[in-house]
Structures are given as structure tokens and as C-alpha cells.
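Protein chains in written order, with our numbering: chain G, 1 to 110; chain H, 1 to 113.
Here a beta-carbon is modelled for each residue, glycine too, at the ideal position from N, C-alpha and C.
Below: one structure, written as C-alpha cells.
And the structure:
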């Protein structure tokens with residue numbers, strides 16, 4: 001079973017920041033937090049991942065709570081092309097498998 | 001560097017037919033996996049492998065076989081296709097280890113009549 005909990009859907013206005021939350025209360029000390037997204041009619045693509053510290057890359061930022069039981073994916077300035085399903089995932093460190101949950105469907109309003 | 005490739009892109013089968021979906025990667029990744037995605041749903045893990053000669057079942061393995069004879073290839077076999085197997089199939093690969101990310105292929109859209 002997926003070890004994360006995300007809202008089913010969110011809406012945001014174009015050119016505004018978006019904060020996508022994820023709860024992972026059973027996270028272990030060695031679990032990395034991964035985010036992927038899936039654009040319409042495409043395969044999933046990597047967005048960002050982190051362990052303890054906040055992370056930034058060209059696509060997004062990842063804010064990790066101090067107790068690591070939750071995290072937030074931040075899109076700094078959403079565009080229509082960011083409309084997708086966003087998945088927060090903990091990779092199983094016993095056998096490496098990656099189980100996807102239902103994700104959050106992000107709608108961007110023009 | 002082609003990344004993860006899948007063939008065919010589209011396939012139509014009749015109930016009871018068998019076929020193999022091909023997946024290959026050229027990144028020397030130890031970990032490979034197969035997912036299926038039904039319309040409007042999330043991805044479900046079918047089978048995965050952490051290296052040549054090693055495979056294991058995911059969430060929905062029934063009706064599918066896999067083998068991993070080389071690092072590069074991870075074919076998925078449908079033994080006797082059923083309409084319930086109509087789906088989009090994605091192959092993915094990564095290095096092993098928690099800090100590594102998966103790279104996905106473009107998918108194979110399978111319809112079973």
C-alpha cells in the first residue's frame with residue numbers, strides 16, 4: 001500500500017504559487033521523499049526528491065517538516081502546463097519497489 | 001542515450017491471445033519495473049526486478065510473467081489476454097537505493113477485445 005496521503009484535487013490560478021501537501025506519518029529515517037507528476041496522456045516524470053533538508057531545482061521546491069511526517073511541493077509560479085497529477089512517494093528501502101498512491105490532480109485556472 | 005524504450009506503442013489483442021511487451025533501458029540501471037494504468041486511475045505495480053535474474057511481484061501480478069536475463073531488458077508477458085487487461089502499460093528503471101529516481105518509458109496502450 002502507498003505510505004503517503006494527498007488531497008484528491010487542488011485548484012490554483014495561473015502565475016500564482018501552488019503548495020501541494022503530502023502526509024507520510026510512518027516514514028522511516030532512511031526514506032527519501034520523492035515527487036513525480038504525470039501530464040495528460042504521458043508517463044510520469046520526476047519532479048524532485050529529498051531526505052531531510054529543503055530542496056530546490058528548476059521545476060519546484062520541496063519543503064520537508066522537521067519531524068519528516070509531512071512535506072510540501074511548491075510550484076513557485078504555476079502555468080497551464082503544470083496541470084497534472086502529482087504523486088508523493090516513499091520508496092521502500094527494503095526491496096526498492098515504488099508504489100504509487102492516487103496523487104493530487106492539480107487544476108490551473110487561467 | 002535513448003533512456004527507457006517500450007514497444008509496441010499500441011496493440012490490439014483478442015481474448016486468449018498471448019503477447020510480450022518489450023522494455024529496454026541503456027542507463028545500466030539495476031532496478032526495472034512494470035506498471036499498468038487504467039483510464040482515470042493511478043499506476044499499479046505489476047512486477048519489478050532489482051537486477052538480472054531477480055524478479056518479484058508487485059500489487060497486481062496475476063496474468064503476467066516477467067524475466068530479467070540481462071540488465072538492459074525487462075519484457076512483460078501476457079499469457080492469455082483478458083479484457084480486464086486493457087490498460088496503458090509503463091516500464092520504468094532506476095538505480096537501486098532509496099535516493100534514486102525512476103525514469104519512465106512512453107507507455108504501451110493495450111486493448112483486449
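Per-residue burial, residue 10 (chain H) [other beta carbons within 10 Å of its own, 16 or more giving buried]: Burial state of residue 10 (chain H) is exposed, judged by a 10 Å Cβ sphere holding fewer than 16 other Cβ atoms.
Close Cβ partners of residue 104 (chain H) (< 8 Å) along its chain, the five nearest in sequence each way excluded: These residues qualify, in order along the chain: 4, 90, 91 and 92.
With 16 other Cβ atoms within 10 Å as the buried cut-off, status of residue 54 (chain H): So residue 54 (chain H) ends up on the exposed side.
Candidates H:36, H:16 and H:72: closest to residue 130 (chain H) by CA position: Any question about residue 130 (chain H) goes unanswered here, given that chain H covers just 1 to 113.
Alpha-carbon to alpha-carbon, residue 71 (chain G) and residue 23 (chain G): The straight-line gap from Cα to Cα measures roughly 7 Å.
Selection from G:107, G:92 and G:106 that minimises the alpha carbon distance to residue 31 (chain G): The shortest C-alpha separation from residue 31 (chain G) is found at G:92.
Element boundaries [beta strand (DSSP E), containing residue 90 (chain H)]: Note, residue 90 (chain H): beta strand (DSSP E), 87 to 94.
Local conformation of residue 21 (chain G) per DSSP, three classes: Strand, per DSSP.
Exposure of residue 58 (chain H), with buried meaning 16 or more beta-carbon neighbours within 10 Å: Label assigned to residue 58 (chain H): buried.
Per DSSP, the bridge partner or partners of residue 107 (chain G): DSSP output for residue 107 (chain G) lists G:11 as bridge partner(s).
For residue 98 (chain G) and residue 83 (chain G), the rounded distance between their alpha carbons: Straight-line Cα distance between these residues: approximately 23 Å.
Cα-Cα separation between residue 37 (chain G) and residue 46 (chain G), rounded to whole angstroms: The alpha-carbon separation between residue 37 (chain G) and residue 46 (chain G) amounts to approximately 7 Å.
Chain G contacts made by the segment 21 to 51 of chain H, where a contact means CB separation under 9 Å: Within the segment 21 to 51 of chain H, the qualifying residues are 30, 31, 33, 35, 37, 41, 42, 43, 44, 45, 48 and 50.
Beta bridge counterpart(s) of residue 63 (chain G) as assigned by DSSP: Within the DSSP secondary-structure output, residue 63 (chain G) pairs in a beta bridge with G:72.
Bridge partners - residue 47 (chain G), DSSP secondary structure assignment: Partner(s): none; residue 47 (chain G) has no beta bridge.
Chain-ordered residues of the segment 60 to 91 of chain H with a beta carbon less than 8 Å from chain G: When CB distances to chain G are screened at a threshold of 8 Å, the residues of the segment 60 to 91 of chain H falling below it are 90, in chain order.
Distance, residue 84 (chain H) Cα to residue 13 (chain H) Cα: Cα to Cα, the separation comes out at about 12 Å.
Residue 16 (chain G) to residue 79 (chain H) span [Cα, whole Å]: The straight-line gap from Cα to Cα measures roughly 49 Å.
CB of residue 87 (chain H) within 9 Å of CB of residue 37 (chain H), strictly: Yes; because the gap between Cβ atoms is below 9 Å, this pair is in contact.
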